[in-house]
Amino acid sequence: MKPLLEVDGVTLRYKIPGSVITATEQVSFTVNEGDRFVLLGPSGCGKSTLLKAVGGYLKPSEGRISIKDRTVTEPGPDRMMVFQEFDQLLPWKTVLDNVTFPLMNAHGLSASEARAKAEAAIDKVHLTRALHSYPHTLSGGMKQRVAIARGMAMEPDILLMDEPFAALDALTRRTCQDELLRLWEETRFTVLFVTHSIAEAIKIGNRILLLSPHPGRVKAEIIDVDKVSATDGSAGRLEKQIHELLFTETDQAEAH
Amino acid sequence: MSDPHSVAPARIIMRDNHAPLIHPLEEKLGLMTRLWDDGFVRKAVILIALAAIWEAYGRILNNPLLFPTFSETMQAVVERIEDGTLPARAWASIKVLLMGYGVGVVMAGSLTILAINTRLGSDFLETMTGMFSPLPAIALLPLALIWFGLGNGSLVFILVHSVLWPVALNTHSGFRSVSQTLRMVGRNYGLKGFSYIFKILIPAAFPSILTGLKIGWAFAWRTLVAAELVFGVSSGKGGLGWFIFENRNLLEIPNVFAGLLTVIVIGLIVENLIFRTIERKTVLKWGLQS
Chain A
1 MKPLLEVDGV
11 TLRYKIPGSV
21 ITATEQVSFT
31 VNEGDRFVLL
41 GPSGCGKSTL
51 LKAVGGYLKP
61 SEGRISIKDR
71 TVTEPGPDRM
81 MVFQEFDQLL
91 PWKTVLDNVT
101 FPLMNAHGLS
111 ASEARAKAEA
121 AIDKVHLTRA
131 LHSYPHTLSG
141 GMKQRVAIAR
151 GMAMEPDILL
161 MDEPFAALDA
171 LTRRTCQDEL
181 LRLWEETRFT
191 VLFVTHSIAE
201 AIKIGNRILL
211 LSPHPGRVKA
221 EIIDVDKVSA
231 TDGSAGRLEK
241 QIHELLFTET
251 DQAEAH
Chain B
1 MSDPHSVAPA
11 RIIMRDNHAP
21 LIHPLEEKLG
31 LMTRLWDDGF
41 VRKAVILIAL
51 AAIWEAYGRI
61 LNNPLLFPTF
71 SETMQAVVER
81 IEDGTLPARA
91 WASIKVLLMG
101 YGVGVVMAGS
111 LTILAINTRL
121 GSDFLETMTG
131 MFSPLPAIAL
141 LPLALIWFGL
151 GNGSLVFILV
161 HSVLWPVALN
171 THSGFRSVSQ
181 TLRMVGRNYG
191 LKGFSYIFKI
201 LIPAAFPSIL
211 TGLKIGWAFA
221 WRTLVAAELV
231 FGVSSGKGGL
241 GWFIFENRNL
251 LEIPNVFAGL
261 LTVIVIGLIV
271 ENLIFRTIER
281 KTVLKWGLQS
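Chains as they are written, first to last, in our numbering: chain A, 1 to 256; chain B, 1 to 290.
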């Protein structure tokens, strides 16, 4: 089976005043249709930068990113983003309008078609009661769920999630994670998920790409993550193994 | 017994008590308290008190030539409205104002759009606003009179000057403060060029834009009335400023007061009614301002 997303030898560099920083070097991975692919690593491993490059916000200085064989050159609605920040909803639009807006603008749906689709997506994240509320009246968790509904309603090739639950409190984060998994069970969309939490990566992903920092390089790929379970302790063991992998890396970095 | 986990298991002790609440969940306040909580009512009371003081002072002074009482002023207002002078003069002022304001806002918009798309445009806007915003528009009137003559042209010129810089400055800083996340969301939708500006940047920067429009309006209104005091527009159909100036020359002081009052009332209506309504329907509703 041909992979959906191919990241091939991608080096990402960006300018800060006075110098150029290498965020990732020669990173390669592929994501298949229906994958819950997690980019995991400590801060400074360039995982968010990598996700933004897949989103089309920055160009690789080396290598190629392609989705369904089209090279990614600019942002587009075939790769819907869900950000960590709560201000990702347009504050001047209600929950419903926030979801219909890209449907009408990017997919050219009529108002009634967009509305039907949006209502279905909002219903899936259990926010029908907030349909006509403005974002500033919602809690952080509700905003993130609207953002997920907005992304799913667009039926993108891949959903790109940049630490979407990192700013939530622990209880809300767990419900949101469960909800994301339940939504995936229903529609089997493809998702590329960035996190720095090992537990979250194991819970969400079926494949994990482990990145080492400064600059971001692939350290390991973990497959069949969905085979481990929290009840028999295998998830805990995997968490510990990953933790050790990351720790030896920091020890080496400190020794330099 | 040796297992430490079995020594003291956690227990749940139910303490749910369904006794009636001692304090009502919600209590209605009295009519007077509710009225006094309304800012509008409190301000109305202040206005009535001020009018009463004015009336009393005018009567004690008993010099209608220098300081007419409140009732004499109100009488003058009613008479000038009935004979159509005040509405005609007010309309003459507003017409010129709208022209200048419209041209100024459109120019500010084009300048800002240029500024956000090119670095040079941004430098240009910053230099121009830096140079011209400290310059009172009224100071350009002598020049404007030479260039455009005694007519609406001169007024529109200085009005544009008074509106353009504050609106451009606020719009530009509003655009620049739009969060990186919202910009990325807009581009994620594939929005580009004008649709990106009109569908993402302008609504996101609307609080700043509205502030700019309000400041621009306030500058323009004050500048216009001041400019009209300097020269009576040709063909004897001047605005409110000229009405005030004319009546002072005729020593019709109640009419002067009536003119001043009209200037205040129009200012209040635009600032508190029109702009306030726009605010309530946009930035307040969106939670961008509280």
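Ideal Cβ positions, reconstructed from N, Cα and C, are used throughout, including at glycine.
Note that the structure is predicted; figures quoted are calculated from it, not measured.
Three-state secondary structure assigned by DSSP to residue i
i: Gly149/B; result: coil
i: Val38/A; result: strand
i: Ile269/B; result: helix
i: Val160/B; result: helix
i: Ser139/A; result: coil
i: Ser43/A; result: coil
i: Tyr14/A; result: strand
i: Ser133/A; result: coil
i: Thr128/A; result: helix
i: Arg264/A; result: Since the first residue shown for chain A is 1 and the last is 256, residue 264/A is missing from the structure and cannot be characterised.
i: Phe260/A; result: Coverage of chain A is limited to positions 1 through 256, which leaves residue 260/A absent and any answer about it impossible.
i: Glu72/B; result: helix
i: Ala139/B; result: helix
i: Ser235/B; result: Here Ser235/B scores only 49 on pLDDT, less than 50, and its place in the model should not be relied on; the value that follows carries that caveat. In this structure, Ser235/B counts as helix in the three-state DSSP scheme.
i: Leu250/B; result: coil
i: Val72/A; result: coil
i: Gly287/B; result: coil
Euclidean distance between Cα positions of residue i and residue j
i: Lys227/A; j: Thr190/A; result: 18 Å
i: Thr24/A; j: Ala115/B; result: 33 Å
i: Ser179/B; j: Ile200/B; result: 11 Å
i: Gln75/B; j: Gly58/B; result: 14 Å
i: Pro254/B; j: Gly102/B; result: 33 Å
i: Leu181/A; j: Ala153/A; result: 16 Å
i: Arg237/A; j: Asp224/A; result: 14 Å
i: Pro135/A; j: Ala147/A; result: 11 Å
i: Trp54/B; j: Phe70/B; result: 6 Å
i: Ile22/B; j: Lys214/B; result: 49 Å
i: Val270/B; j: Glu279/B; result: 12 Å
i: Val265/B; j: Leu90/A; result: 37 Å
i: Asn188/B; j: Gly104/B; result: 33 Å
i: His196/A; j: Pro207/B; result: 36 Å
i: Met104/A; j: Ala111/A; result: 7 Å
i: Ala118/A; j: Thr128/A; result: 10 Å
Chain A within 8 Å of residue i, Cβ atoms only
i: Pro291/B; result: The requested residue 291/B is not part of the displayed model; chain B covers only 1 to 290.
i: Ala140/B; result: Residue identity check: residue 140/B is Leu in the sequence provided, not Ala. Cβ-Cβ to chain A under 8 Å: no for Leu140/B.
i: Lys281/B; result: no
i: Gly287/B; result: yes
Any chain B beta carbon closer than 8 Å to residue i
i: Trp92/A; result: yes
i: Met81/A; result: yes
i: Gly63/A; result: no
i: Ala106/A; result: yes
i: Tyr14/A; result: no
i: Asp87/A; result: yes
i: Gly3/A; result: It should be noted that the sequence gives Pro, not Gly, for residue 3/A. So no, Pro3/A is outside the interface.
i: Pro75/A; result: yes
i: Pro17/A; result: no
i: Pro164/A; result: no
i: Pro213/A; result: no
i: Gly9/A; result: no
Neighbourhood of residue i by C-beta, 6 Å cutoff - its chain only, sequence neighbours within 5 removed
i: Pro142/B; result: none
i: Met99/B; result: Val156
i: Ser48/A; result: Asp162, Val194
i: Gly140/A; result: Phe86, Leu168
i: Glu62/A; result: Thr11
i: Gly216/B; result: Val163, Pro166, Val167
i: Thr22/A; result: Arg13, Pro215
i: Phe132/B; result: Trp165
i: Ala137/B; result: Ile158, His161, Ser162, Thr223
i: Leu229/B; result: Gly241, Phe245
Contacts around residue i, its chain only, beta-carbon distance under 7 Å, and the 5 residues preceding and following it disregarded
i: Ala130/A; result: Val95, Leu138, Met142
i: Ala199/A; result: Glu239
i: Pro156/A; result: Pro77, Asp78, Arg79, Met80
Chain-order list of residues whose beta-carbon lies under 8 Å from that of residue i (same chain, five-residue window excluded)
i: Val20/A; result: Arg13, Tyr14
i: Gly56/A; result: Val72, Thr73, Glu74, Pro75, Gly76, Arg79
Task: Residues of the region 180 to 192 of chain B with Cβ closer than 8 Å to any Cβ of chain A, in chain order - done: Thr181, Leu182, Met184, Val185, Arg187, Asn188, Tyr189, Gly190, Leu191
Open item on the list: By the 9 Å beta-carbon criterion, what residues does the region 35 to 66 of chain A contribute toward chain B?
Closed with: Lys52, Gly55, Gly56, Tyr57
TODO: Compile a chain-ordered list of the residues in the region 110 to 138 of chain A whose CB is closer than 9 Å to at least one CB of chain B.
DONE: Tyr134, Pro135, His136, Thr137
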